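Everything on this sheet refers to the single structure shown next.
Protein chains: 2
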Amino acid sequence: MKATFDDIPPSLQDLLPKWAHFCLYVERFISRELGVTLEGKRLVVGVSGGVDSTALLLALHYLSSRNNFEVTTVHLNHELRDSAAHDAAWVDKLSSHLKVPCIVKSENVSRLAQENSIGIEEAGRLARYTLFENVRTSEGANYVALGHHLDDLSEDVLMRLIRGTGWPGLSGMTGYDPKRQIIRPFLTLPKSTLIAFVKYLTISWCEDETNQDTSWTRNRVRNNLMPLVLNENPNFRESVARLWKIGQIEQDYWTVKTSEADQELSNDLLKDSHLALRLRLYKRSLDDLGPGQALAHTLFKLDEAWIEKKTGAVFQFPGEKTATITHSGVLFSTKH
Amino acid sequence: MKATFDDIPPSLQDLLPKWAHFCLYVERFISRELGVTLEGKRLVVGVSGGVDSTALLLALHYLSSRNNFEVTTVHLNHELRDSAAHDAAWVDKLSSHLKVPCIVKSENVSRLAQENSIGIEEAGRLARYTLFENVRTSEGANYVALGHHLDDLSEDVLMRLIRGTGWPGLSGMTGYDPKRQIIRPFLTLPKSTLIAFVKYLTISWCEDETNQDTSWTRNRVRNNLMPLVLNENPNFRESVARLWKIGQIEQDYWTVKTSEADQELSNDLLKDSHLALRLRLYKRSLDDLGPGQALAHTLFKLDEAWIEKKTGAVFQFPGEKTATITHSGVLFSTKH
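Now the structure itself:
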């Protein structure tokens, strides 16, 4: 593939109004919907060389001088395909054309999968997120920006429903993850828009052949399930964007409402709380003790025991966590 | 089809322990999960003659003497199939064997669909629910019991996701609908259990051939989408039952939280409310004015205008409803 980037418009002012507006939409999404200020910050952008992350790199590049933030590209060579080294070189060359620093690392993802007895897909994700976090720290950067878009979000929501995720997790991946400082500026934009943007920029991105491999859950959802869903509702993705927005708002609502959660929930607090809030208080208290997902079923049982004042009753949760009904409320603890 | 019902065990005490427990599970579900007391009440049971509603009629029949409630069967002949008259006669005969009063009505559903420019499926639903409500009123009954089960609920959740339903509506149809006094005692039980129950009772139910017709959305979801979903997660239906339970709880939570909603929402109330609650207050105020679904997008716009104190700004909602930003808050009104 020929990779000359001489025809890429150099700055935001050089873009067609349509695509300048597109960049400004992304800017507004980051500040308004994600609540993230980029002014004076440093961003690490994960770039595979595919169309999504290429579009992200370019959009952020165009916004960077206007918003006074800096961008660093990071690319992981998964060592899974013959074209992997080519993709890495391509990302490096594009970054260099944009005068953006580029960090390329290599990891044998097949071996990582074997060593940890996990799937290749999960190993790849693990390796990427670890690298992003390492680079963010070592570069003194504030955020990691990833190219997930509305098509990804729609698949994610379907997969979460299938997997049995509750609300608001069901509304899809976060746009801003404060724990890992990840932002996803494209989350409510369809992939078709990103493709049109990169084509307009005259960039020939790298195709990811693994997207065609339907042995992976995501690709089965993408290739088999999604077409049936879109056949029923061609505007399904727009519905998902709405659901996502409501989910983000309600996630925040429950975070605020459960801020009183502690290792001990008093009878007074629980008595004043609706069952919906009590369940979220239990969950928050458990989550704050460390990893391990509480089963809804056990939370229901715990609440029944609290209502029936079964003092001394103990409930086990994943992550070696326990909840005990006491005279004064519910006590949460962990063996660690 | 031979229809002798002589081998049906006459009472709860005559059932195998497994199936007596099944009936008691249904009893508990109605009282605990739906919050409905059947003691001294009169129930109208919608029976098509299919396995679901046949199982429901039998389960309620077995529980009726123990719980001191009365059952009346109602059947609608849709005049869509050659076997329709046979099905009606079969339901009448089964009811008569159980000494349960049976009301059979006929309606030309094809014509109803044409006259109202709606689909056959929707016309059928409309005709059935109208009949159920009429019979409930004329018989002085308290509830209408319907045979929807966990397989129906799972399809319903998928269809709601596809259609773009928000939370908690996304968690599926209600188990108890206080407006129409409908209860769905089987909602968390898989169809396979109902089939096993009716087979155990030696009853040969009527097959509904329209279930095979994939030109209807529900049947496409059932026959094309659901197998793919179950292939990814064979326990998908159990996840849906959990999601449903949480949805019912949160529906109640928001109903309680928005009980202050009125035709005018004061600035004081709105200022003390999180965005999530404000959106639900707007929605409740609009819903209380009559039919017409408010679009999430317009609710977001309304809230932005309230934040920006755009006094005099007016927002239009379906059902000829409006919301106006005033000096003291947000005022909702309708032309009717």
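Chains as they are written, first to last, in the numbering used here: chain G, 5 to 340; chain S, 5 to 340. Think of the CB as a built atom: it goes at the ideal place given N, C-alpha and C, for glycine as much as any other residue. Being a predicted model, the structure only gives us computed values, none of them experimental.
- In chain order, Leu306, Phe319, Val334 and Phe336 place their CB closer than 6 angstroms to the CB of Ala327 (chain S), counting only its own chain and leaving out the 5 sequence neighbours on each side.
- A Cβ of chain G is located within less than 9 angstroms of the beta carbon of Val260 (chain S).
- Chain-ordered, the chain G residues with CB closer than 9 angstroms to the CB of Trp171 (chain S) read Trp171, Pro172, Leu174, Ser175, Leu247, Ile250, Gly251 and Glu254.
- Contact with chain S is absent for Gly323 (chain G), since none of that chain's Cβ atoms lies less than 9 angstroms from the residue's Cβ.
- If you check the CB distance, Val48 (chain G) and Glu143 (chain G) come in under 9 angstroms.
- Setting aside the 5 residues that flank it on each side, Arg164 (chain S) is surrounded in the same chain by Leu174, each with a C-beta closer than 6 angstroms to its C-beta; the list follows chain order.
- A distance of 9 angstroms or more separates the beta carbons of Phe190 (chain G) and Gly50 (chain G).
- Within 10 angstroms of the beta-carbon of Asp292 (chain S) lie fewer than 16 other beta-carbons, which makes it exposed.
- Leaving aside the five residues that flank Gln267 (chain S) on each side, the residues in its chain whose CB is nearer than 6 angstroms to its CB run, in chain order, Phe336.
- Ile311 (chain G) is outside the set of residues whose beta carbon lies under 9 angstroms from a beta carbon in chain S.
- Taken through DSSP and simplified to helix, strand or coil, Lys325 (chain G) comes out as strand.
- In the three-state reduction of the DSSP assignment, Ser100 (chain G) falls in the helix class, which pools H, G and I.
- In this chain, the alpha helix (DSSP H) harbouring Ser289 (chain S) covers Leu279 to Asp291.
- Within a 10 Å sphere around the beta-carbon of Pro231 (chain G) sit fewer than 16 other beta-carbons, which makes this residue exposed.
- Taking the Cα positions, Lys45 (chain S) is about 44 angstroms away from Asp272 (chain S).
- Taking the C-beta atoms as reference points, Arg284 (chain S) is found nearer than 9 angstroms to Lys261 (chain S).
- Rounded to whole angstroms, the separation of the alpha carbons of Asp10 (chain S) and Lys22 (chain S) is 21 angstroms.
- Taking 8 angstroms as the upper bound for CB-CB distance, Tyr66 (chain G) and Leu19 (chain G) are in contact here, some 7 angstroms apart.
- If you ignore the 5 residues before and after Ala317 (chain S), its C-beta comes within less than 6 angstroms of the C-beta of Ala309 and Ile329, all in its own chain and listed in chain order.
- Leu274 (chain S) and Tyr147 (chain S) have their C-alpha atoms roughly 38 angstroms apart.
- Between the alpha carbons of Phe240 (chain S) and Cys27 (chain S) lies a gap of roughly 24 angstroms.
- The contact set of Phe240 (chain S) on chain G, defined by CB atoms closer than 8 angstroms, consists of Ile166 and Gly168 in chain order.
- Using a Cβ distance threshold of 9 angstroms, Ile166 (chain G) and Ser243 (chain S) count as a contacting pair.
- Taking all protein chains shown into account, Asn81 (chain S) has 16 or more neighbouring C-beta atoms within 10 Å of its C-beta and is therefore buried.
- Per DSSP, Ile166 (chain G) is one residue of the alpha helix (DSSP H) stretching across Leu154 to Arg167.
- Three or more beta-carbon pairs drawn from the region 104–121 of chain S and the region 69–87 of chain S are found closer than 8 angstroms, and the two stretches are therefore classed as touching.
- Within a 10 Å sphere around the beta-carbon of Ala89 (chain S) sit fewer than 16 other beta-carbons, which makes this residue exposed.
- In chain G, no part has a C-beta under 9 angstroms from the C-beta of Ala88 (chain S); the shortest such distance is about 29 angstroms.
- By the Cβ-count criterion, Thr206 (chain G) is exposed, with fewer than 16 other Cβ atoms from all chains shown falling within 10 Å of its own Cβ.
- Residue G:Leu102 holds the alpha-carbon nearest to the alpha-carbon of Pro13 (chain G) among G:Val75, G:Arg36 and G:Leu102.
- Judged by DSSP in its simplified three-state form, Glu74 (chain G) adopts strand.
- Following the DSSP letters along the chain, one finds Phe33 (chain G) in no alpha helix (DSSP H), marked with neither H nor E.
- Put simply, the region 149–156 of chain S touches the region 190–200 of chain S. At least three CB pairs are less than 8 angstroms apart.
- If you draw a straight line from the Cα of Ala127 (chain G) to the Cα of Ala200 (chain G), it comes to about 31 angstroms.
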